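Note sheet for the following structure.
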Amino acid sequence: MSDPAELCHAILTGDAPKAEQLTKAALAAHVHPAELLSRYLIPAIDEVGRRYDRHDYSMTRLMTGARAMFASLELITPRAELYEAILSGDHQRAREVTKAALAASVAPAELVSVYVTPAMEEVGRRFECNELYVPELLIAQRAMKAAVALLGTAGDRAGRVVIGTVQGDLHDIGKNLVAAMLQGCGFEVIDLQVDVPPEKFVAAAQEKEGTIVAMSALLTTTMTMMKRVIDALEEAGIREKTKVIIGGAPITQQYCNQIGADGYSDNANGAVALARKLAGART
Ligand code: B12
Numbered sequence: 052m053s054d055p056a057e058l059c060h061a062i063l064t065g066d067a068p069k070a071e072q073l074t075k076a077a078l079a080a081h082v083h084p085a086e087l088l089s090r091y092l093i094p095a096i097d098e099v100g101r102r103y104d105r106h107d108y109s110m111t112r113l114m115t116g117a118r119a120m121f122a123s124l125e126l127i128t129p130r131a132e133l134y135e136a137i138l139s140g141d142h143q144r145a146r147e148v149t150k151a152a153l154a155a156s157v158a159p160a161e162l163v164s165v166y167v168t169p170a171m172e173e174v175g176r177r178f179e180c181n182e183l184y185v186p187e188l189l190i191a192q193r194a195m196k197a198a199v200a201l202l203g204t205a206g207d208r209a210g211r212v213v214i215g216t217v218q219g220d221l222h223d224i225g226k227n228l229v230a231a232m233l234q235g236c237g238f239e240v241i242d243l244q245v246d247v248p249p250e251k252f253v254a255a256a257q258e259k260e261g262t263i264v265a266m267s268a269l270l271t272t273t274m275t276m277m278k279r280v281i282d283a284l285e286e287a288g289i290r291e292k293t294k295v296i297i298g299g300a301p302i303t304q305q306y307c308n309q310i311g312a313d314g315y316s317d318n319a320n321g322a323v324a325l326a327r328k329l330a331g332a333r334t
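Everything in the sequence shown is counted per my numbering, starting at 52 for the first residue and increasing by one.
This is the structure we're talking about:
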């Protein structure tokens with residue numbers, strides 16, 4: 052990755068194509084848009100202004116500096132807005148901004164990992180600190196779903212994943228993020244939603260050989276259902292051909308080993324890496 056600090060230089064020298072290229076590289080490397088804005092774009096354009104005031108820069112150089120800054124800003128703004136739209140539960144805005152980002156060829160996986168997931172993690176954090184309550188949580192989730200619904204799937208399927216929150220458990224924010232991320236990375240995702248009994252996981256896995264079963268659990272009382280699902284896959288005679296990945300706040304690698312699952316991750320990016328590895332996919 053190029054150093055985002057070079058972005059300052061591109062703006063100071065009025066090199067718009069370079070500013071665009073560096074911004075794209077920084078966003079792809081998950082540098083947060085707010086950081087790009089506050090650490091690079093604003094200081095650079097301030098400096099251009101100062102040089103103009105000191106008569107070091109001509110009006111033409113001021114204008115080319117501004118053009119380079121706008122080339123970068125145009126790439127940053129709509130996506131940063133997605134984070135804000137989800138956080139504030141504005142589902143119409145979330146949809147509009149996602150459409151605009153997709154039209155500008157932003158990769159769906161990048162939208163999910165850099166904007167949607169951090170926004171929902173922040174929602175979860177605020178909920179826990181009583182900074183927001185269940186209605187706001189659900190409204191934010193609706194905004195997230197509005198954005199994710201537009202992402203579709205990439206052309207070639209990287210593999211098939213059946214995902215759900217285990218029986219007795221209604222938490223679905225993390226599960227939805229994992230599903231969205233997998234979908235954004237080209238997997239065919241069958242979402243069984245929440246409170247999913249073992250036989251439903253088995254039936255969905257039986258539909259196609261090589262399916263990955265992905266389970267989410269947020270309660271210590273429901274995480275034991277994961278083992279029940281693995282046993283049910285065994286009983287149905289499809290465990291060998293069915294990979295199992297698990298996650299959720301109380302889950303650990305140790306628990307994964309203990310119940311004989313094939314992989315665990317504590318985040319949505321990790322879920323994709325696991326699924327790719329297990330599907331032997333090259334995406
Ligand atoms: C939001 C929330 C709720 C919401 C859920 C809304 C919804 N639609 O999901 C509501 C209000 C409904 C709720 C209800 C309850 N909740 Co609650 N809830 C939470 C809270 C605050 C945040 C969870 C969340 O969404 N986090 C944000 C997401 C992004 O993180 P995540 O789910 O962990 O997912 C990430 C990773 O874990 C991973 N991941 C997740 N799934 C998967 C799957 C795979 C395959 C992989 C690889 C990775 C992966 O990737 C995700 C993205 O990064 C947690 C506290 C916490 N910190 O976890 C409590 C918490 C989970 N809840 C708790 C409890 C007790 C309950 C209730 C029993 C409360 C009650 N008395 O009624 C009920 C249970 C209802 C039920 N039967 O399920 C406890 C659980 C305690 C325990 N150890 O069992 C917690 C930990 C709160 C606490 N500190 O006590 N809850």
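C-beta atoms are modelled at their ideal positions from N, C-alpha and C, and glycine is treated no differently.
None of these values were measured; they are calculated from a predicted model.
Quiz item: By how many angstroms is the C-alpha of Ala95 removed from the C-alpha of His60?
Solution: 8 Å
Exercise. Flag this pair as yes or no: are the beta carbons of Met195 and Met232 separated by less than 8 Å?
Key: no
Exercise. Find the nearest neighbour of Leu78 within the set Leu228, Leu113, Gly116 and Glu125, judged by alpha-carbon distance.
Key: Glu125
Quiz prompt | Own chain partners of Lys259 with C-beta closer than 6 Å, once the 5 adjacent residues on each side are dropped | solution = Answer for Lys259: Arg211, listed in chain order.
Quiz item: For Gly206, is the classification buried or exposed, using 16 other Cβ atoms within 10 angstroms of its Cβ as the cut-off for buried?
Solution: Because Gly206 sits at a pLDDT of 46, beneath the cut-off of 50, its placement in the model cannot be relied upon, and the following sentence gives the value as read from the coordinates. Label assigned to Gly206: exposed.
Self-check item: 8 Å Cβ cutoff met for Ala200 and Leu138
Solution: no
Practice problem: Starting from Lys328, follow its DSSP beta bridges and name the residues at the other end. | Solution: Note: Lys328 sits in no beta bridge, so no partner.
Self-check item: Residue range of the beta strand (DSSP E) that includes Asp242
Solution: Glu239 to Asp242
Quiz item: When you compare each of Lys226, Ala230, Ile93 and Gly261 to Gly299 by their alpha carbons, which one comes out closest?
Solution: Lys226
Quiz item: For Gly311, is the beta carbon positioned less than 7 Å from some heavy atom of the ligand B12?
Solution: no
Exercise. Ignore the nearest five residues each way along the sequence and tell me which others in Ile224's own chain have a CB closer than 7 Å to its CB.
Key: Met171, Gly175 and Gln192
Quiz item: Within 10 angstroms of its Cβ, does Thr216 collect 16 or more other Cβ (buried), or is it exposed?
Solution: buried
Self-check item: Identity of the residue in Val148, Thr111 and Ser109 nearest Val167 by Cα
Solution: The shortest C-alpha separation from Val167 is found at Val148.
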